[in-house]
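Engineer: The structure is given below, and queries will be raised subsequently.
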Amino acid sequence: MMEKMIFGRYVPADSVIHRMDPRSKLLIVLLFVCVVFLANNAITYGALVVYTLLMLAMSKVPMRFVFGGLKLVFILIIFTFLMHIFLTREGPVIFELGWFKVYEEGLRQGIFISLRFFLLILITSILTLTTAPIAITDGLESLLGPLKKLKFPVHELALMMSIALRFIPTLMEETDKIMKAQSARGVEFSSGPVKDRVMAIIPLLIPLFVSSFKRAEELATAMEARGYRGGDGRTRYRKLVWSGIDTLMLLLLLALTILLIIFRT
Amino acid sequence: MKNSLVQIRNLSFKYDEHADYALKDVTFDIYEGEWLAIVGHNGSGKSTMAKLLNGLNFPKEGSITVDNLLLSEETVWDIRDKIGMVFQNPDNQFVGTTVQDDVAFGLENHGIEREEMIKRVHDALESVKMEEFLDQEPHHLSGGQKQRVAIAGVLALRPNIIVLDEATSMLDPRGREEVLETIRQLKASQEMTVISITHDLEEAAKADRMIVMNKGQLYREGSPEDIFQLDEELISLGLDIPFPVKMSKMLKALNIPVSKHHLSEEELVEELWTSHSKM
Numbered sequence: 001m002m003e004k005m006i007f008g009r010y011v012p013a014d015s016v017i018h019r020m021d022p023r024s025k026l027l028i029v030l031l032f033v034c035v036v037f038l039a040n041n042a043i044t045y046g047a048l049v050v051y052t053l054l055m056l057a058m059s060k061v062p063m064r065f066v067f068g069g070l071k072l073v074f075i076l077i078i079f080t081f082l083m084h085i086f087l088t089r090e091g092p093v094i095f096e097l098g099w100f101k102v103y104e105e106g107l108r109q110g111i112f113i114s115l116r117f118f119l120l121i122l123i124t125s126i127l128t129l130t131t132a133p134i135a136i137t138d139g140l141e142s143l144l145g146p147l148k149k150l151k152f153p154v155h156e157l158a159l160m161m162s163i164a165l166r167f168i169p170t171l172m173e174e175t176d177k178i179m180k181a182q183s184a185r186g187v188e189f190s191s192g193p194v195k196d197r198v199m200a201i202i203p204l205l206i207p208l209f210v211s212s213f214k215r216a217e218e219l220a221t222a223m224e225a226r227g228y229r230g231g232d233g234r235t236r237y238r239k240l241v242w243s244g245i246d247t248l249m250l251l252l253l254l255a256l257t258i259l260l261i262i263f264r265t
Numbered sequence: 001m002k003n004s005l006v007q008i009r010n011l012s013f014k015y016d017e018h019a020d021y022a023l024k025d026v027t028f029d030i031y032e033g034e035w036l037a038i039v040g041h042n043g044s045g046k047s048t049m050a051k052l053l054n055g056l057n058f059p060k061e062g063s064i065t066v067d068n069l070l071l072s073e074e075t076v077w078d079i080r081d082k083i084g085m086v087f088q089n090p091d092n093q094f095v096g097t098t099v100q101d102d103v104a105f106g107l108e109n110h111g112i113e114r115e116e117m118i119k120r121v122h123d124a125l126e127s128v129k130m131e132e133f134l135d136q137e138p139h140h141l142s143g144g145q146k147q148r149v150a151i152a153g154v155l156a157l158r159p160n161i162i163v164l165d166e167a168t169s170m171l172d173p174r175g176r177e178e179v180l181e182t183i184r185q186l187k188a189s190q191e192m193t194v195i196s197i198t199h200d201l202e203e204a205a206k207a208d209r210m211i212v213m214n215k216g217q218l219y220r221e222g223s224p225e226d227i228f229q230l231d232e233e234l235i236s237l238g239l240d241i242p243f244p245v246k247m248s249k250m251l252k253a254l255n256i257p258v259s260k261h262h263l264s265e266e267e268l269v270e271e272l273w274t275s276h277s278k279m
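Taken in sequence, the protein lines are chains U and D. If you count by UniProt numbering, then the first sequence holds residues 1 to 265, one letter each, in order. If you count by UniProt numbering, then the second sequence holds residues 1 to 279, one letter each, in order.
Here is the structure:
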């Protein structure tokens with residue numbers, strides 16, 4: 001179950017979006033997050049929707065993966081929509097039922113804001129669904145590279161992320177093992193009152209923490225034995241390749257931005 | 001006689017939090033191209049020995065010289081280049097997210113050019129027969145496979161000495177055999193010096209030379225044949241003798257003629273099944 005939650009994210013496939021450099025994908029998402037706020041009427045929102053759907057189609061990710069992961073988000077989006085319907089009191093009334101009135105501005109705001117929210121989630125989902133976590137880490141390290149001059153520990157941060165990613169399955173396995181061991185000793189993880197179930201996490205977490213610290217120490221020793229002494233003078237085995245597609249995709253987003261600036265009111 | 005590659009002289013070490021010395025006045029040599037097994041039960045100081053060799057801890061007294069370099073704070077990184085280590089837990093020494101990233105980790109640390117890295121990663125994985133697993137993630141590998149990747153990681157750095165610090169103790173019998181076979185082949189083909197620190201005497205029996213440690217001191221040094229003659233003494237040190245040796249002894253006691261105390265099961269079986277035809 002837990003495995004699905006985290007590893008269900010990346011869906012390997014062969015598509016234009018999959019082949020893109022993680023750096024360009026990260027940049028596009030970052031820019032898109034800003035661009036979304038330019039939209040303020042039907043035409044501009046329409047353009048955003050078209051762009052996002054185009055990206056989704058190009059990623060070749062099966063719909064069930066996209067929407068399967070968004071179930072929780074939909075609740076949030078509907079909640080946002082209802083908040084606007086109830087709380088915005090501007091413009092003419094378009095619907096009336098007793099004390100309950102829906103204003104035109106409320107409906108408009110509700111649709112736009114929840115659409116904005118939805119598009120943001122969708123575009124970041126496309127990023128995580130089409131990019132392996134380690135590629136995202138590499139991309140981030142490369143993009144944040146200039147910050148090294150400001151003494152920001154970019155390399156350390158990226159190494160931390162990649163080690164964390166590498167140890168997720170190991171720790172999952174360990175959690176499973178400890179859970180079984182503690183169940184054999186009579187701990188109830190899945191039944192009984194909520195209070196008891198929460199308390200049952202303690203005998204799970206403590207052995208997990210103890211062993212994680214032990215692992216960390218051994219890993220540090222092993223890294224040192226293999227000559228690790230920080231990021232200076234290190235070369236990289238993984239190489240990021242910026243290709244024509246990446247430039248093209250960035251230009252496409254730029255075109256969208258210009259379009260939005262022209263048509264916004 | 002072969003050249004002495006590592007000289008350990010009057011070595012003593014004490015952990016700050018313990019009152020007793022973990023190692024006391026230990027002196028021995030490691031020769032080029034040999035397979036040396038350091039045995040001893042828990043707390044005998046054998047793992048401390050491994051950590052000192054690689055400068056992960058520094059001795060309180062005495063000295064270690066590796067390939068004419070005296071181990072000190074200044075030379076520790078050069079010495080680590082000469083000594084590759086494989087540790088006990090296969091999971092806790094796997095740094096990369098995939099097999100090839102892990103083998104490349106040590107190379108990246110040494111600032112080796114990318115083209116050279118790719119070549120070395122492939123060569124190293126080929127010599128441990130893991131070249132098909134390039135993009136595999138560690139949680140899909142068996143313990144023995146992970147240890148072979150760790151060996152490849154060490155090999156890629158081309159050290160003179162490879163130290164196995166209990167490297168087979170967490171593996172199942174098949175994984176253990178896999179790893180030892182890999183080491184045997186590497187030693188034969190690449191003139192590597194191997195130091196295996198172990199409490200598995202079957203593993204030690206395959207070494208060229210053995211050192212028995214007890215309570216932080218060097219107890220006995222000799223060939224596996226010599227060491228296993230000590231049987232009662234070994235047992236009193238908390239060590240056992242390998243099954244084939246025990247078996248040969250028991251057969252002798254029953255007046256069944258076996259030529260010597262065999263160190264490996266294969267040798268013993270070979271003599272037993274051919275013995276009838278000689279009568």
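Here a beta-carbon is modelled for each residue, glycine too, at the ideal position from N, C-alpha and C. Since the model is a prediction, treat every value here as computed from it, not as a measurement.
How would you write the range of the beta strand (DSSP E) that residue 75/U sits in, first residue to last?
Structural biologist: Counted from its first residue, the first sequence places residue 75/U at position 75. Looking at the DSSP string, residue 75/U is not in any beta strand (DSSP E); the run it does join, the alpha helix (DSSP H), is 71-87.
Engineer: Check this for me: beta carbons of residue 144/D and residue 172/D, under 9 Å apart or not?
Structural biologist: Looking up residue 144/D in the second sequence gives position 144. Looking up residue 172/D in the second sequence gives position 172. Contact: yes.
Engineer: Check whether chain U comes within 9 Å of residue 125/D, counting only Cβ atoms and requiring the distance to be less than that.
Structural biologist: For the purposes of this step, residue 125/D is taken as the residue at position 125 of the second sequence. No, residue 125/D lies away from the interface with chain U (no Cβ there is under 9 Å from its Cβ).
Engineer: What residue does the beta strand (DSSP E) around residue 31/D start on, and which one ends it?
Structural biologist: As a working note, residue 31/D is residue 31 in the second sequence. 23-31 is the extent of the beta strand (DSSP E) around residue 31/D.
Engineer: On a CA-only basis, which of 274/D, 273/D, 244/D is nearest residue 260/D? Give me that one, please.
Structural biologist: Indexing the second sequence from 1 puts residue 260/D at position 260. It is 244/D.
Engineer: Identify whether residue 226/U lies in helix, strand or coil by the three-state DSSP scheme.
Structural biologist: Taking the first residue of the first sequence as 1, we reach residue 226/U at position 226. Residue state, collapsed to three classes: coil.
Engineer: For residue 97/D, which residues in the same chain have their Cβ closer than 7 Å to its Cβ, ignoring the five residues on either side in sequence?
Structural biologist: Sequence index remark: in the second sequence, residue 97/D carries index 97 (1-based). Same-chain partners within the cutoff: 137.
Engineer: According to DSSP, simplified to helix, strand and coil, what is residue 16/D?
Structural biologist: Taking the first residue of the second sequence as 1, we reach residue 16/D at position 16. In this structure, residue 16/D counts as coil in the three-state DSSP scheme.
Engineer: Using CA atoms only, rank isn't needed, just tell me which of 211/D, 253/D, 76/D is closest to residue 59/D.
Structural biologist: As a position in the second sequence, residue 59/D is number 59, starting the count at 1. Measuring from the Cα of residue 59/D, the nearest candidate turns out to be 76/D.
Engineer: Which value, in whole angstroms, describes the spacing of the CA atoms of residue 171/U and residue 219/U?
Structural biologist: The residue you call residue 171/U lines up with position 171 of the first sequence. The residue you call residue 219/U lines up with position 219 of the first sequence. Computed Cα separation, rounded: 14 Å.
Engineer: List, in chain order, every chain U residue whose beta-carbon is nearer than 7 Å to that of residue 106/D.
Structural biologist: Here residue 106/D is taken as the residue at index 106 of the second sequence, counted from 1. The contacting residues are 226, 227.
Engineer: From which residue to which residue does the beta strand (DSSP E) around residue 220/D run?
Structural biologist: What you label residue 220/D is simply residue 220 of the second sequence in a count that begins at 1. Element bounds for residue 220/D: 217-222.
Engineer: Along the alpha helix (DSSP H) that carries residue 81/D, what are the first and last residues, could you check?
Structural biologist: Residue numbering aside, residue 81/D sits at position 81 when the second sequence is read from its first letter. Taken as a continuous stretch (DSSP letters only), the alpha helix (DSSP H) holding residue 81/D covers 76-82.
Engineer: When burial is assigned at 16 or more other CB atoms within 10 Å of the CB, is residue 258/U buried or exposed?
Structural biologist: If you number the first sequence from 1, residue 258/U lands on position 258. Result: exposed.
Engineer: By DSSP, does residue 182/U sit in helix, in strand, or in coil?
Structural biologist: As a working mapping, residue 182/U is identified with position 182 in the first sequence. Note: residue 182/U maps to helix in three-state DSSP.
Engineer: According to DSSP, is residue 8/U part of a helix, a strand, or is it coil?
Structural biologist: The residue given as residue 8/U occupies position 8 in the first sequence. Note that residue 8/U has pLDDT 48, beneath the 50 cutoff, so the model's placement of it is unreliable and the number below is only indicative. Residue 8/U: coil per DSSP, three-state reduction.
Engineer: For chain D, check one thing: does any of its Cβ atoms lie closer than 9 Å to the Cβ of residue 233/U?
Structural biologist: Translated into positions along the first sequence, residue 233/U becomes position 233. So yes, residue 233/U belongs to the interface.
Engineer: Spell out the partners DSSP gives residue 165/D in its beta bridges.
Structural biologist: Counted from its first residue, the second sequence places residue 165/D at position 165. BP columns for residue 165/D point to 197/D.
Engineer: Can you give me, in chain order, the residues of the stretch 108-139 of chain U that have a beta carbon less than 7 Å from any beta carbon in chain D?
Structural biologist: Of all residues in the stretch 108-139 of chain U, 134 have a Cβ within less than 7 Å of some Cβ in chain D.
Engineer: For the stretch 112-123 of chain D, which residues have a CB atom closer than 7 Å to at least one CB atom of chain U, in sequence order?
Structural biologist: Correct list: 112, 113, 114, 117.
Engineer: What residue range does the beta strand (DSSP E) around residue 109/D cover?
Structural biologist: Mapped onto the second sequence, residue 109/D falls at position 109. Premise fails: residue 109/D lies in the alpha helix (DSSP H), 99-109, not in any beta strand (DSSP E).
Engineer: Hey, which unbroken runs of the beta strand (DSSP E) at 3 residues or more fall wholly within the stretch 77-153 of chain U?
Structural biologist: Segments of the beta strand (DSSP E) lying fully in the stretch 77-153 of chain U: 93-97, 100-103.
Engineer: Please report the straight-line C-alpha distance between residue 29/U and residue 52/U, rounded to a whole angstrom.
Structural biologist: Your numbering for residue 29/U matches position 29 in the first sequence. Your numbering for residue 52/U matches position 52 in the first sequence. Near 11 Å, if we compare the C-alpha coordinates of residue 52/U and residue 29/U.
Engineer: By the 7 Å beta-carbon criterion, what residues does the stretch 142-153 of chain D contribute toward chain U?
Structural biologist: The stretch 142-153 of chain D vs chain U, Cβ under 7 Å: 153.
Engineer: Taking the DSSP output, what are the residues bridged to residue 4/D?
Structural biologist: As a working note, residue 4/D is residue 4 in the second sequence. BP columns for residue 4/D point to 31/D.
Engineer: Grab me the residues of residue 256/U's own chain with a C-beta within less than 6 Å of its C-beta, minus the 5 sequence neighbours each way, in chain order.
Structural biologist: Locating residue 256/U in the first sequence gives position 256, counting from the first residue. The answer, listed in chain order, is 51.
Engineer: My assumption, with CB atoms under 8 Å, is that residue 17/U sits in contact with residue 58/U. Please give the rounded CB distance.
Structural biologist: Translated into positions along the first sequence, residue 17/U becomes position 17. Translated into positions along the first sequence, residue 58/U becomes position 58. Contact flag correct, Cβ pair sits at about 5 Å.
Engineer: Taking Cβ-Cβ distances shorter than 8 Å, what residues in chain D pair up with residue 10/U?
Structural biologist: Here residue 10/U is taken as the residue at index 10 of the first sequence, counted from 1. Correct list: empty, because the minimum Cβ distance to chain D is about 12 Å.
Engineer: Would you verify that the beta carbon of residue 45/D is, or is not, closer than 9 Å to some beta carbon of chain U?
Structural biologist: Sequence index remark: in the second sequence, residue 45/D carries index 45 (1-based). No, residue 45/D lies away from the interface with chain U (no Cβ there is under 9 Å from its Cβ).
Engineer: Quick check: the stretch 192-199 of chain D against the stretch 30-48 of chain D, are at least 3 beta-carbon pairs closer than 8 Å?
Structural biologist: Touching, per the Cβ criterion.
Engineer: Which of helix, strand or coil does DSSP assign to residue 227/D?
Structural biologist: Translated into the one-based positions of the second sequence, residue 227/D becomes position 227. DSSP places residue 227/D in helix when its eight states are reduced to three.
Engineer: I need the straight-line Cα distance from residue 193/D to residue 30/D, nearest angstrom please.
Structural biologist: As a working note, residue 193/D is residue 193 in the second sequence. As a working note, residue 30/D is residue 30 in the second sequence. Their backbone Cα atoms lie some 9 Å apart in a straight line.
Engineer: For residue 172/U, which three-state DSSP category applies?
Structural biologist: Here residue 172/U is taken as the residue at index 172 of the first sequence, counted from 1. Helix.
Engineer: Check whether chain D comes within 9 Å of residue 22/U, counting only Cβ atoms and requiring the distance to be less than that.
Structural biologist: Within the first sequence, the letter at position 22 stands for residue 22/U. False, the Cβ-Cβ gap to chain D never drops below 9 Å.
Engineer: What residue from 45/U, 25/U, 104/U, 32/U has the CA that sits closest to residue 264/U's CA?
Structural biologist: Here residue 264/U refers to the residue found at position 264 of the first sequence. For the residues 45/U, 25/U, 104/U, 32/U, the minimum Cα distance to residue 264/U belongs to 45/U.
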